[in-house]
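Add 16 to the 1-based position in the sequence shown for our numbering, that's all there is to it.
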Amino acid sequence: MMNFLSIVSWVWFYCSWTTHGEVFTSIGQMTDLIHTEKELVQSLREYIRAEEYKLAAVKNWASKLDALTQVSTSDPEGYLAHPVNAYKLMKRLNTEWPELESLVLQNPSDGFVANMSVHRQYFPDAEDQTGAAKALMRLQDTYQLDSEAFSKGKLPGVHSNAELTVDDCFDMGKTAYNDADYYHAVLWFQQSLKQLDGGEEAVVSKAEILDYLSYSVYQMGDLPRAVELTRRLVAVDPSHERAGGNLRYFELLLSKQ
Numbered sequence: 017m018m019n020f021l022s023i024v025s026w027v028w029f030y031c032s033w034t035t036h037g038e039v040f041t042s043i044g045q046m047t048d049l050i051h052t053e054k055e056l057v058q059s060l061r062e063y064i065r066a067e068e069y070k071l072a073a074v075k076n077w078a079s080k081l082d083a084l085t086q087v088s089t090s091d092p093e094g095y096l097a098h099p100v101n102a103y104k105l106m107k108r109l110n111t112e113w114p115e116l117e118s119l120v121l122q123n124p125s126d127g128f129v130a131n132m133s134v135h136r137q138y139f140p141d142a143e144d145q146t147g148a149a150k151a152l153m154r155l156q157d158t159y160q161l162d163s164e165a166f167s168k169g170k171l172p173g174v175h176s177n178a179e180l181t182v183d184d185c186f187d188m189g190k191t192a193y194n195d196a197d198y199y200h201a202v203l204w205f206q207q208s209l210k211q212l213d214g215g216e217e218a219v220v221s222k223a224e225i226l227d228y229l230s231y232s233v234y235q236m237g238d239l240p241r242a243v244e245l246t247r248r249l250v251a252v253d254p255s256h257e258r259a260g261g262n263l264r265y266f267e268l269l270l271s272k273q
């Protein structure tokens with residue numbers, strides 16, 4: 017039987033995640049999104065296969081013509097002295113090169129783009145994503161879950177793990193930051209930085225995380241740590257447009273304490 021805490025947590029999660037029109041507040045509706053995503057993956061794979069076929073055909077043509085032109089350009093007059101070569105040159109330029117042009121101009125992405133357009137109207141938007149992030153943070157507070165355990169998917173009563181990446185943790189932090197919730201912003205930016213320092217690959221840069229984290233820490237009133245993090249930011253990115261000014265400002269405030 018499912019752990020009582022798990023039942024309470026997830027019922028609470030879905031009931032509290034209110035969005036415009038409350039579209040994404042039931043397991044059934046979320047399940048529809050899962051099936052939509054699977055369909056999009058299949059469509060994407062079809063696009064990839066079409067692109068690979070197209071690229072293979074173009075590469076094959078290029079290899080064939082590369083070998084042929086090496087022969088023809090080494091002795092153009094001798095090459096054209098053979099009437100078959102003269103005929104095939106005319107044929108290639110009149111028929112085969114235009115066919116290749118048509119192949120290159122084909123856009124295999126049309127099917128995928130059309131499929132995306134059909135489903136996009138049902139996608140969650142930024143407001144929905146923000147609502148989901150805030151619901152996770154409320155869950156975190158309610159059961160006093162630390163960010164590291166949360167990022168590894170270790171939730172009480174839940175037996176399957178779903179991990180948060182560096183970028184996921186950073187986005188959680190930005191959601192809190194944009195809401196002036198610096199407490200949660202610090203927790204999630206710290207976790208993002210920890211995972212990045214641990215060698216995990218990410219789209220977000222270390223400088224960007226440090227920029228947000230240092231300012232969030234400052235907003236929480238921890239000047240010594242704000243100075244420490246901003247110094248690290250300057251070391252990582254000496255040309256950062258705000259880091260130098262922030263560091264001088266934080267150091268000035270710290271000197272007056």
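C-beta atoms are modelled at their ideal positions from N, C-alpha and C, and glycine is treated no differently.
Q: Could you name each continuous alpha helix (DSSP H) segment of 4 residues or more that falls completely within the stretch 183-242, going from the start of the chain to the end?
A: 198-213, 222-235
Q) Taking all protein chains shown into account, do 16 or more other C-beta atoms lie within 10 angstroms of the C-beta of Y293, making it buried, or fewer, making it exposed? A) Residue numbering for the chain in the displayed model covers 17 to 273; residue 293 lies beyond these limits and cannot be assessed.
Q) Do you know offhand how far L180's Cα is from E62's? A) 28 Å
Q. Is DSSP giving Q122 helix, strand or coil here?
A. coil
**Q.** Residue range of the alpha helix (DSSP H) that includes R278
**A.** The requested residue 278 does not occur in the structure, where the chain is confined to residues 17 to 273.
**Q.** Residue from P240, D187, V174 with nearest C-alpha to V219
**A.** D187
Q. In whole angstroms, what separates the C-alpha of L284 from that of L270?
A. As displayed, the chain neither begins before 17 nor continues past 273, which places residue 284 out of reach and without an answer.
Q. Exposed or buried, which one is T246 when buried takes at least 16 other CB atoms within 10 Å?
A. buried
Q) Nearest to Q273 by alpha carbon, out of L249, V252, V74, G237? A) G237
**Q.** Delimiting residues of the alpha helix (DSSP H) encompassing Q317
**A.** Because the chain spans 17 through 273 in this model, residue 317 falls outside it and cannot be assessed.
Q. At which residues does the alpha helix (DSSP H) containing P99 begin and terminate?
A. 99-107
Q: Please report how far the alpha carbon of G147 lies from the alpha carbon of A201, in whole angstroms.
A: 15 Å
Q. Can you tell me whether DSSP reads D144 as helix, strand or coil?
A. helix
Q.
For E164, report the span of its alpha helix (DSSP H) as first-last.
A. 163-167
Q. Among T89, S221, R241, D162, which residue has its Cα nearest to the Cα of H256?
A. S221
Q | CA-to-CA distance, L71 to R65, given in whole angstroms | A | 10 Å
Q: Let me know if E93 comes out buried or exposed under the rule of 16 or more other beta-carbons within 10 Å of its beta-carbon.
A: exposed
Q) Helix, strand or coil: which one does DSSP assign to G173? A) coil
Q: May I ask you to verify whether the stretch 159-177 touches the stretch 203-216, counting CB pairs closer than 8 Å and requiring at least 3?
A: yes
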